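Here's the structure, in structure tokens; my notes come after.
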Amino acid sequence: MGAKLIRVEHGSTPVGSESLELSLTPDERNLLARKLGVEADRVEEFIKKLVGVRIFVHYQGRKPDCKSIQIVREFEDMNMFSAECGLNELLALLKDEAVVKVEEAPKVRALEESSA
0 MGAKLIRVEH
10 GSTPVGSESL
20 ELSLTPDERN
30 LLARKLGVEA
40 DRVEEFIKKL
50 VGVRIFVHYQ
60 GRKPDCKSIQ
70 IVREFEDMNM
80 FSAECGLNEL
90 LALLKDEAVV
100 KVEEAPKVRA
110 LEESSA
């Protein structure tokens with residue numbers, strides 16, 4: 000079985016409004032599925048969901064190469080950081096050996112402090 004072509008449509012994401020295509024081998028799809036915590040047949044759906052939104056990147060050992068990634072916040076004591084990235088950067092993170100998990104960061108609203 001050969002590589003499967005994925006088309007990701009972008010709107011207002013860091014990579015601009017364009018359509019990017021990529022192909023994954025079955026081994027790559029299985030690796031990405033493990034790091035995304037989904038079944039292999041849902042990898043494309045999750046990749047589309049994570050492009051351009053804030054994600055948590057969990058790593059082991061060395062920090063992954065992040066030169067082209069917009070890091071929002073680092074949690075060095077927990078070996079993770081939050082970031083926003085485009086498709087190519089997301090794929091590079093997922094293929095990095097140091098990365099063990101990538102997930103969408105939950106959306107939270109800041110609570111206003113009430114004066115006593």
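Taking numbering that gives the first Met the number 0, I'd label the letters of the sequence shown as residues 0 to 115. Heads up, the beta-carbon is just placed ideally off N, CA and C, and yes, glycines get one too. Just so you know, these numbers come straight off a predicted model, no measurement behind them.
Checklist entry - By how many angstroms is the C-alpha of Ala91 removed from the C-alpha of Val52? => result Their backbone Cα atoms lie some 16 Å apart in a straight line.
Checklist entry - Who are the near neighbours of Val101 in its chain, counting only those whose CB is closer than 8 Å to its CB and skipping five residues on each side? => result Excluding five sequence positions before and after Val101, the CB atoms of its chain that fall closer than 8 Å to its own CB belong to Lys34, Leu35, Leu49, Ile54, Phe55, Val56, His57, Leu89, Leu92 and Leu93, given in chain order.
Next on the checklist: Let me check understanding here. Comparing Cα to Cα, which of Arg61, Gln69, Ile46 and Ser22 lies closest to Glu75?
Outcome noted: Of the listed residues, the one whose Cα sits closest to Glu75 is Arg61.
Checklist entry - Is it buried or exposed for Ile70, if we count other Cβ within 10 angstroms and need 16 for buried? => result Its Cβ having fewer than 16 others within 10 Å, Ile70 is exposed.
Checklist entry - Which residue spans inside the segment 12 to 95 form an unbroken beta strand (DSSP E) run of at least 3? => result Entirely contained in the segment 12 to 95, the beta strand (DSSP E) runs reaching 3 residues are, in chain order, 18 to 23, 53 to 58, 69 to 74 and 79 to 83.
Checklist entry - With respect to the beta strand (DSSP E) encompassing Val98, which residues constitute its N-terminal and C-terminal limits? => result Residues Val98 to Glu103.
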